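Trainee:
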Amino acid sequence: MNGPSPTAAISLWRDQRFRRFWAGNTVSQFGDRITELALPLIAVNALNATANQVAWLTALIWTPNLLAILLGAWVDQRVRKRRLMILADLVRAAVLLSIPAAYLLGAVTLGQLYAVALLTGAAGVLFNTAYPPFFVGLVPRASYVDANSKLSASRSASYVAGPAIGGALIQVFTAPITLVLDALTFLASAVLISRVSVDEPPTADDTTAPPLLRRAREGLALVVRHPVLRASLGCAATVNFFTFIAGSGLIVLFASRNLGLSAGVIGIALGVGATGSLLGALVAPRISRRFGVGPSIVVGAVLFPAPIAIAAIADGPFWLRAGALAASEFLSGFGVMLFDVNLNALQTTVIPDGLRSRVAGAYSTINYGIRPIGAIVGGLLATALGLRPTLLIAAVGGVLSMLWLLPSPIPRIRSLAPDETGDAAG
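Below, the structure is given as structure tokens:
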């Protein structure tokens, strides 16, 4: 057996297989922060793109999630999920390398940037739908929260330091050439994952398996029927809709126009928010052990959106306005990690092995598909009502997402033990 015992906790620091995967994930997360800076800068500086064209560049990265429900159903019938993850990393590396190659030839176009955004987004969906079965083969059940904490901490750390590193690299090497480094991070991830052995149980033969659309419906049906998955998806989609109404763009615009803060001060405040995410990811396992997994999810669902109101009502002297924005970002970052780390662990526990990828696909289609809609609604509300009322609506609406959780079993779940979660995956 290559996989760990499903019930025994292990020290993930001593688990070489997990360390390799964690290292690859961390490197690629930092690479993602570079891409998030470099692609828009190439569009603006090299191609004189308009604000609308840059917005489409961002939207195209999210668009493949709308087909995640079908891709997840297809992935569930593939035996080698690890190979699909490696393939996704290699595709992202190759696609990103096309930009510096075209740049050196003087042939970069906006169409190419759109294609890169779409293809990297699609490869990301492939990776994310293949990931859940791989994770279960890699991490024992008792270590789910700890593993998610470590992976989330890496992601948070990339938001703390990644933009500064990416900005410095772009300043020295230019944005297109810096994308070579991002491509190398995906190659490093592919190499490290290729060296992580996990048991991958056989799937049903394609000749006897249900059609693709039926498998996709089965994944969605499980989400709808299962009290934990239904409540968690309803809560996550609702909180994401309202937090995307606020969005980083409107927050920055509000801080600049209404709070009168400079770009440097806003940047510091956002950096403080990223440290809140890092701290939240690190302490989430300790909080869940002390208060329970379910109660931690409920608190995170409130603490994630509620602090938006702190920024929205900020007024008074400069230090108070700047402090309110920093406090808002810090508490929100802490809350989202408390929510995500525990919810991801709980979902991993209750999803049956044969349905993991298709459930992940159905979940992504709804949870990620709602985000661009929230951003569009946020723009409409800000135009009609103003920035401050829009941020308050986002805060109140986001807090109401907990109403999905209260009647569900989630608030009463203290640990991931089978007798508490009542899952079929243990």
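Residue numbers (the working numbering): 12 to 437.
Cβ atoms here follow ideal geometry from the backbone N, Cα and C, with glycine treated the same way.
These figures come from a predicted structure and were not determined experimentally.
(1) I want to know whether the segment 198–209 touches the segment 306–326 - three or more CB-CB distances under 8 Å.
(2) Check for me: the alpha helix (DSSP H) holding M413 runs from which residue to which?
(3) Which residues bound the alpha helix (DSSP H) around N56?
(4) Beta-carbon separation of R226 and V234 under 8 Å?
(5) Could you check the C-alpha separation between D210 and G148 for me, to the nearest Å?
(6) Given this structure, state the Cα-to-Cα distance separating A199 from P75, to the nearest angstrom.
(7) State buried or exposed for L115, treating a residue as buried only when at least 16 other CB atoms are found within 10 Å of its CB.
(8) Who are the Cβ neighbours of G178 in its own chain at under 7 Å, not counting the five residues just before and after it?
(9) Whole angstroms are fine: how far does the CA of A113 sit from the CA of L349?
(10) When you compare each of K161, L124, L396 to R31 by their alpha carbons, which one comes out closest?
(11) Could you give the C-beta distance for G135 and L71, rounded to a whole number, given that I count them as a contact under 8 Å?
(12) According to the neighbour-count rule (16 or more other Cβ atoms, all chains shown, within 10 Å of its Cβ), is L417 buried or exposed?
(13) Check whether the segment 279–288 touches the segment 399–417, taking contact to mean three or more Cβ pairs, one atom from each stretch, closer than 8 Å.
(14) So the candidates are V239, G271, T286; which of them puts its Cα closest to the Cα of R5?
(15) Which class does D216 belong to by DSSP, given the choice of helix, strand or coil?
(16) Straight-line CA distance for A141 to T376?
(17) Since I believe F138 is in contact with D100 (beta carbons under 8 Å), could you give me their beta-carbon distance rounded to a whole number of angstroms?
(18) May I have the straight-line CA-CA distance separating A406 from V90, to the nearest angstrom?
(19) Give the straight-line distance between the Cα atoms of A435 and F302, rounded to the nearest whole angstrom.
(20) If A257 sits next to N378, beta carbons under 8 Å apart, how far is it from one beta carbon to the other, in whole angstroms?
(21) Can you tell me which of the three DSSP states F315 falls into?
(22) Around the C-beta of G83, are 16 or more other C-beta atoms found within 10 angstroms, so that it is buried, or is it exposed?
(23) Would the beta-carbon of C246 fall within 8 Å of that of A172?
(24) Any idea what DSSP makes of R442, helix, strand or coil?
(25) So, with DSSP's three-state summary, where would you put G271?
(26) Can you tell me the Cα-Cα spacing of A395 and R367, whole angstroms?
(27) Helix, strand or coil for A119 per DSSP?
(28) Determine the DSSP secondary structure at S165, reduced to helix, strand or coil.
Mentor: Considering the structure as presented:
(1) no
(2) By 1-based counting over the sequence shown, the position of residue 413 is 402. No alpha helix (DSSP H) contains M413, which DSSP labels as neither H nor E.
(3) For this step, residue 56 is matched to residue 45 along the sequence shown. Premise fails: N56 is in no alpha helix (DSSP H) and is neither H nor E.
(4) In the sequence shown, counting from the first residue as 1, residue 226 sits at position 215. In the sequence shown, counting from the first residue as 1, residue 234 sits at position 223. No, these two residues do not count as a Cβ contact at 8 Å.
(5) As a position in the sequence shown, residue 210 is number 199, starting the count at 1. As a position in the sequence shown, residue 148 is number 137, starting the count at 1. Near 6 Å, if we compare the C-alpha coordinates of G148 and D210.
(6) Translated into positions along the sequence shown, residue 199 becomes position 188. Translated into positions along the sequence shown, residue 75 becomes position 64. Taking the straight line from one Cα to the other gives about 24 Å.
(7) Your numbering for residue 115 matches position 104 in the sequence shown. Burial call: exposed.
(8) Position 167 of the sequence shown holds residue 178. Correct list, in chain order: L48.
(9) The sequence position of residue 349 within the sequence shown is 338, counting from 1. The sequence position of residue 113 within the sequence shown is 102, counting from 1. Approximately 42 Å between the Cα atoms of the pair.
(10) Here residue 31 corresponds to residue number 20 of the sequence shown, with the count starting at 1. Closest by alpha carbon: K161.
(11) Here residue 135 is taken as the residue at index 124 of the sequence shown, counted from 1. Here residue 71 is taken as the residue at index 60 of the sequence shown, counted from 1. Incorrect: roughly 12 Å between the Cβ atoms, too far for contact.
(12) The count along the sequence shown starts at 1 and reaches residue 417 at position 406. Exposed is the call here.
(13) no
(14) There is simply no residue 5 to check, as the chain begins at 12 and stops at 437 in what is shown.
(15) Translated into the one-based positions of the sequence shown, residue 216 becomes position 205. Residue placement at D216 is poorly supported in this model, since its pLDDT is 49, which falls under 50; the coordinates are not used for a value here.
(16) On the sequence shown, position 130 is the one that residue 141 refers to. On the sequence shown, position 365 is the one that residue 376 refers to. Between A141 and T376, the C-alpha separation is close to 15 Å.
(17) Position 89 of the sequence shown, counting from 1, holds the residue named residue 100. Position 127 of the sequence shown, counting from 1, holds the residue named residue 138. Right, their Cβ atoms sit about 7 Å apart.
(18) Sequence index remark: in the sequence shown, residue 406 carries index 395 (1-based). Sequence index remark: in the sequence shown, residue 90 carries index 79 (1-based). One C-alpha to the other measures close to 43 Å.
(19) Mapped onto the sequence shown, residue 435 falls at position 424. Mapped onto the sequence shown, residue 302 falls at position 291. Unreliable placement is indicated for A435, whose pLDDT of 39 sits below 50; no coordinate value is reported for it.
(20) Locating residue 257 in the sequence shown gives position 246, counting from the first residue. Locating residue 378 in the sequence shown gives position 367, counting from the first residue. With a Cβ gap of about 17 Å, A257 and N378 do not count as contacting.
(21) Against the sequence shown, residue 315 aligns to sequence position 304. The answer is coil: DSSP assigns F315 none of H, G, I, E or B.
(22) Counted from its first residue, the sequence shown places residue 83 at position 72. Burial call: buried.
(23) Along the sequence shown, one-based indexing puts residue 246 at 235. Along the sequence shown, one-based indexing puts residue 172 at 161. No, the pair does not count as a contact, with Cβ atoms beyond the cut-off.
(24) Residue 442 lies beyond the residue range present for the chain, which begins at 12 and ends at 437; the question has no answer from this structure.
(25) Taking the first residue of the sequence shown as 1, we reach residue 271 at position 260. DSSP places G271 in coil when its eight states are reduced to three.
(26) By 1-based counting over the sequence shown, the position of residue 395 is 384. By 1-based counting over the sequence shown, the position of residue 367 is 356. Approximately 42 Å, taken between the alpha carbons.
(27) As a first step, residue 119 is located in the sequence shown; it is residue number 108 there, counting from the start. Sequence inspection shows Val at residue 119; the Ala mentioned does not correspond to that position. In the three-state reduction of the DSSP assignment, V119 falls in the coil class, being assigned neither a helical nor a strand state.
(28) Here residue 165 is taken as the residue at index 154 of the sequence shown, counted from 1. Under the three-state reduction of DSSP, S165 is assigned to helix.
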